[in-house]
Amino acid sequence: MAAFLLGAVLLIVQPEIVPSRPAINSKTETSSQSVQRELLKKTSQKNDFKENIHSNGSCRQLPQTIIIGVRKGGTRALLEMLSLHPDIAAAESEVHFFDWEDHYRNGLQWYINQMPFSYPHQITVEKTPAYFTSPKVPERVYNMNESMRLLLILRDPSERVLSDYTQVFYNHMQKHKPYPSIEQFLIKDGELNVDYKAINRSLYYIHMQNWLKYFPLDHIHIVDGDKLIKDPFPEIEKVERFLKLSPQINASNFYFNKTKGFYCLRDSGRERCLHESKGRAHPQVDTRLLEKLHEYFHEPNKKFFELVGRTFDWHSFVAS
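According to mature numbering (1 follows the signal peptide of the UniProt record, and there is no 0), the stretch in the sequence shown is residues -20 to -1, 1 to 300, in order.
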């Protein structure tokens, strides 16, 4: 009877792309897999979740690490660099499970189905930058796994605002749709428009407070996005240590591409760069307007530094 049921399942399951690694004994269950099994039992009234296990020992599993943000902070670069490590299995697309209600209602099995196949010794990672600024997300992640290890990559708040605008601007240009200048968003009635969503996303301390209600600071590793751009290797070394990974990524995995103006990746002799949408030039902004941005972020940045016990080399307004 068991053999018949197994055969039926194999006929139903669609072929999937799986890691090309040697088969590992599927009887070996890591602590993370054990946690996943218990979570699925708790969230299934009918206990009808399928174990998406491949015959070579790999399976889809809940992520043990999530890159939670921040938008335009360098999340794609961080994920691509981290994927150089053989013990990392990364979801290709932004999943938006915890912040989009339609996705969240689908449940944990749907979430697992968005993950890549991985082996027991690998860490599954997904990244969705909108998680950091979404009020409901920290509690939802905690309810799934209170021991989750989180990666947060941040850039100078003023630069992040400009990057945020630049992305939306180019998205409109590609669709041949007009888009207002950045000054029209940043200025309202002659003053800085603090209601502009891009500015709100850069108020890191507000969003960080929400995460710290559920996760201790030692479960959240902050990657310096500005340093990652200028010299990626030291930042990735810190991420390896935080995730308790063996040191596998080295300086030779990165090379500076003079044409593109940023670092690209080298893996087993194969070279690749981030998508052309990355590293776009920011719009020219009046110096006085930039000063207004720097002035506005001075106090929020100070609060953030105190909150995390760490400072960053961000523009700081100094009164003359």
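Every residue, glycine too, gets a C-beta built ideally from N, C-alpha and C. If you're wondering where the values come from, they're calculated on a predicted model, not measured in any experiment.
Per-residue burial, residue i [other beta carbons within 10 Å of its own, 16 or more giving buried]
i	result
Lys57	Note on identity: in this sequence residue 57 is Ala, with Lys being the wrong assignment. By the neighbour-count rule (16 or more Cβ atoms within 10 Å), Ala57 is buried.
Gln189	exposed
Thr267	exposed
Glu106	buried
Gly170	exposed
Tyr150	exposed
Val174	exposed
Asp247	exposed
Gly54	buried
Gly37	buried
Gln44	buried
Met153	exposed
Arg290	exposed
Phe112	buried
Same chain, Cβ closer than 6 Å to residue i, five either side skipped, listed in chain order
i	result
Ser63	Ala70
Ala110	Asp79
Met95	Arg40, Ala71, Thr104
Leu287	Tyr185, Met188
Helix, strand or coil at residue i [DSSP, three-state]
i	result
Asn125	coil
Ser161	coil
Ile229	coil
His295	coil
Asn93	helix
Val141	helix
Gly241	coil
Lys224	coil
Phe234	strand
Check whether residue i and residue j have beta carbons under 8 Å apart
i	j	result
Arg40	Ile92	yes
His34	Asp67	no
Ile48	Leu132	yes
Pro118	Lys193	yes
Trp191	Ile202	no
Trp294	Asp136	yes
Best match in the options for proximity to residue i [C-alpha to C-alpha]
i	options	result
Ser138	His262, Asn230, Val288	His262
Ile179	Phe97, Glu275, Glu81	Glu275
Leu269	Glu163, Glu81, Lys155, Pro43	Glu163
Phe284	Lys210, Glu217, His187	His187
Asp204	Val141, Glu215, Phe242, Pro158	Glu215
Cys253	Thr45, Met61, Gly37, Asn32	Met61
Gly249	Leu223, Ser232, His199, Lys240	Ser232
Thr104	Asp198, Arg181, Leu223	Leu223
Pro212	Leu225, Phe195, Phe234, Asp198	Phe234
Lys207	Tyr184, Tyr243, Asn32, Arg221	Tyr243
Gln264	Val141, Gly289, Ser127	Val141
CB contact below 8 Å: residue i versus chain B
i	result
Lys177	Although the question refers to chain B, the structure presented lacks it and comprises just one protein chain.
Close beta carbons around residue i, own chain, < 8 Å, minus the five adjacent residues each side
i	result
Arg120	Phe78, Tyr84
Ser98	Pro(-2), Ser38, Cys39, Arg40, Gln41, Ala69, Thr104
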